[in-house]
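The numbering of the sequence shown is the working numbering, which starts it at 87 and goes up by one. What follows is a short report on a single structure.
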Amino acid sequence: MEISEFFWETTLEELKQGYVEKNNAYVCLLCGMKIEKGIIYPYENMFYEAERFVRIHIERTHQSVFEYLIEMDKKLTGLTNHQKSLLQLFYQGKSDTEVKEELGIGSATTIRHHRFSLKEKERQAKTFLAIMELLKEKDQYAPAFVPVHKTATMVDNRYNVTKEEQEKILSKYFISRNLIKFPPKEKQRMIVLREIAKQLEQDHIYDEKELNESLKGIYEDYVLIRRYLIEYGLLDRKKDGSQYWLIK
Numbered sequence: 087m088e089i090s091e092f093f094w095e096t097t098l099e100e101l102k103q104g105y106v107e108k109n110n111a112y113v114c115l116l117c118g119m120k121i122e123k124g125i126i127y128p129y130e131n132m133f134y135e136a137e138r139f140v141r142i143h144i145e146r147t148h149q150s151v152f153e154y155l156i157e158m159d160k161k162l163t164g165l166t167n168h169q170k171s172l173l174q175l176f177y178q179g180k181s182d183t184e185v186k187e188e189l190g191i192g193s194a195t196t197i198r199h200h201r202f203s204l205k206e207k208e209r210q211a212k213t214f215l216a217i218m219e220l221l222k223e224k225d226q227y228a229p230a231f232v233p234v235h236k237t238a239t240m241v242d243n244r245y246n247v248t249k250e251e252q253e254k255i256l257s258k259y260f261i262s263r264n265l266i267k268f269p270p271k272e273k274q275r276m277i278v279l280r281e282i283a284k285q286l287e288q289d290h291i292y293d294e295k296e297l298n299e300s301l302k303g304i305y306e307d308y309v310l311i312r313r314y315l316i317e318y319g320l321l322d323r324k325k326d327g328s329q330y331w332l333i334k
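Below, the structure written as structure tokens:
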């Protein structure tokens, strides 16, 4: 199961803590790092058991679950940039007056109105979540959709793909690990690019030559693949193109 599936299939409590327990390990929902049980992990002259260490990992690598989630794409959070700024300041413990001064908007009354609007959004989200959970119990014809990867730059109809459709697309365009041709349709491209990304190493920094060689082993037009991996939010790079890495 991909980390994106872990992420979207978790409970609210698991998502808030930022990790899940899977197969004798704790898996970070934010990057996929696995912390095996039964091992004592050293950190800053101290030793920690696995579950405590995965929390340290989240604080050290991602700052907090809140900070990670708030930076996700608008299509995944439903939040505007203005709402994100407000929430970040509220999370920091700022008063309404401090928030007003920092953002340079309205009055303390205006900030209270924003707080009310956000609480209303929370109530709506809870109601909708309950409706969807109840629907799962009755909707026997609901297809199994391929989960959206967390770093997607555009969340639209191209992600309207079932797991059955995904398998058909992969069998059409791949022979073993090699891409036969680059698909013409956006939906097919998304599936193909995610499959290619799986063949690259997580937590590895590629220089341009190394990445090109890896992609060339999958498809002859490696420049095309590299460009689309970046465009679809699967790969990132330094501005000068000297280093590339998979986005977690």
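The beta-carbon is built from N, C-alpha and C at its ideal position, and this holds for glycine as well. Values in this document were obtained by computation on a predicted structure and should not be read as measured data.
When C-alpha distances from Asn-246 are compared across Phe-268, Leu-265 and Ile-277, the shortest belongs to Ile-277. Inter-residue distance for Glu-208 and Glu-223 is about 23 Å (C-alpha atoms, whole angstroms). Taking the CA atoms as reference points, Phe-268 sits about 22 Å from Ile-333. Bridge partners of Leu-265 according to DSSP: Phe-260. Ile-121: member of the beta strand (DSSP E) spanning 120-122, first to last residue. Counting C-beta atoms within 10 angstroms of its own C-beta, Gln-252 has 16 or more neighbours from the protein chains shown and is therefore classed as buried.
Counting the other CB atoms within 10 Å of its CB gives Gly-303 a total below 16, which places it among the exposed residues. In this structure, the alpha-carbon of Ile-291 lies about 46 Å from that of Thr-196. Boundaries of the beta strand (DSSP E) harbouring Asp-322: 321-323, taken from the DSSP string. In its chain, beyond the 5 residues on either side, Val-106 and Leu-115 have a beta carbon closer than 8 Å to the beta carbon of Thr-96. Distance between Glu-145 and Phe-202, taken at the CA atoms: about 30 Å. The region 124-181 contains, as complete alpha helix (DSSP H) runs of 4+ residues, the segments 136-148, 151-156, 160-163 and 167-177 (chain order).
By alpha-carbon distance to Leu-320, the top candidate from His-168, Asp-326, Ile-311 and Ser-328 is Ile-311. Rounded to whole angstroms, the separation of the alpha carbons of Ser-171 and Thr-163 is 13 Å. Counting along the chain, the unbroken alpha helix (DSSP H) around Tyr-308 starts and ends at 308-317. For the set Ile-191, His-200, Asn-167 and Arg-280, the Cα lying nearest the Cα of Glu-317 is the one of Arg-280.
For the 8 Å CB-CB criterion, Leu-315 and Ala-283 form a contact.
Around the beta-carbon of Ser-300, 16 or more other beta-carbon atoms lie within 10 Å, marking it buried.
Between Val-151 and Lys-108, the C-beta spacing is not below 8 Å.
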